[in-house]
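Using this note's numbering, the letters of the sequence shown map in sequence onto residues 844 to 1137.
Don't be surprised by glycine CBs; every beta carbon is placed ideally from N, CA and C.
Because the structure is a prediction, the values reported are computed rather than measured.
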Amino acid sequence: MTSPTIDGFTYHRLPGADGVELNVAVAGDGPAVVLLHGFPQTHYMWRHVARALTDEHTVIVPDLRGYGDSAKPAAATPETYGKRTMARDVVEVARALGHEQLGLVGHDRGALVGVRAGLDHPDTVRYLGVLDVLPTLDTWAVLQGVHAKVAWHLYLMAQPPGLPEKMIAAVAPEFFASFLDAWDTDGSAFDVATRRHYVDSAVASVDAIVADYRATAGVDLELDQADRDAGRGLTMPVGVISQDWGSQLGFDARALWSAWSDDLTYEPIDAGHFMAEEKPAEIVRFIRGLAARA
């Protein structure tokens, strides 16, 4: 399987935490911005946005550990795919490229890595952009009653190792394609070849993806709760752009994020979950505005 690449970007194999190698696309010049993808995607989801940012930034676009063409270590401990470890991946990759500070923008799973990076490495992360997700602690808190069925996959992959991996592997193409189809509101986010890439890549990453999600019901949740109990928050400028999930599930997204940041902008967007592909110009505007606040 040959993975697609972002035009104009150079590709590297760079060590993250504990030497785990990440597939990283790099282009541009200027202050570093790292773009982290979501589920069930790869770094390729940023192709439109990344190219537009290269005039003013060094744009660093990795596959998260366990995804795409990055290494997929066995989950020897819950921390292997914990967001603290994955945040260290990002910091180590940026340092390998000569950047001690960076802007960080994440979508979905990548945004959770970004939040942990902001909490653990406040002197490194200059600003944090979040696309269409809540912090781990708040995600579990708002999933109540019948409305929780929208996140049924979170509960499946939170189960102990073994059965979830077997269940998903048995129908992996259909499992991953179901999210691409359900969350692409009008079928415009990506073409057939890109959709096939995401499905094929995810099918090859079942164990790692489940371990990533399992961490959100374990070690990631524990870290969020410890930070909340200690009164720790995000000290850099934070921007959140999201669908209006709150009106559907009964929560105030701006209020939830404000509990983590005193320097927050929040805006809804009229797009589906895959907004960086559906409306890249809006996301480029969002990132530029956030960088200007740093």
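_I need the DSSP call for residue 1109, collapsed to helix, strand or coil._
strand
*If we ignore side chains and look at the alpha-carbon of each, how far apart do residue 1048 and residue 1106 end up?*
36 Å
*For my contact list, residue 980 and residue 1071 are in at a C-beta cut-off of 8 Å; report their separation, rounded to the angstrom.*
6 Å
*Residue from 854, 919, 1037 with nearest C-alpha to residue 1055*: 919
*What residue ranges within the segment 1090 to 1134 form continuous beta strand (DSSP E) runs of no fewer than 3 residues, ordered along the chain?*
1107 to 1111
*Around the Cβ of residue 1009, are there at least 16 other Cβ atoms within 10 angstroms (buried) or fewer (exposed)?*
exposed
*Compute the Euclidean distance between the alpha carbons of residue 907 and residue 949, then round it to the nearest angstrom.*
11 Å
*Assuming residue 848 contacts residue 868 (C-beta within less than 8 Å), just tell me the rounded distance between them.*
7 Å
_Let me make sure I understand the geometry here. Which of 1126, 850, 1006, 1086 has the alpha-carbon closest to that of residue 1114?_
1086
*Enumerate in chain order the residues of its own chain whose CB-to-CB distance from residue 1027 is below 8 Å, with the five nearest sequence positions on each side excluded.*
1033, 1115, 1116, 1117, 1121
*Would you list, in sequence order, the uninterrupted alpha helix (DSSP H) runs of no fewer than 4 residues that lie entirely inside the segment 883 to 960?*
890 to 896, 926 to 939
*Please go through the segment 1014 to 1099 and give each complete beta strand (DSSP E) segment of 3 or more residues, from N-terminal end onward.*
1081 to 1085
*At what residues does the beta strand (DSSP E) containing residue 853 begin and finish?*
853 to 858
*Do residue 1130 and residue 876 have their CB atoms nearer than 8 Å?*
yes
_Judging by CA-CA distance, which residue of 1012, 1042, 1029, 957 is the nearest neighbour of residue 1021?_
1042
_My output table needs one value for residue 867: the three-state DSSP class, helix, strand or coil._
strand
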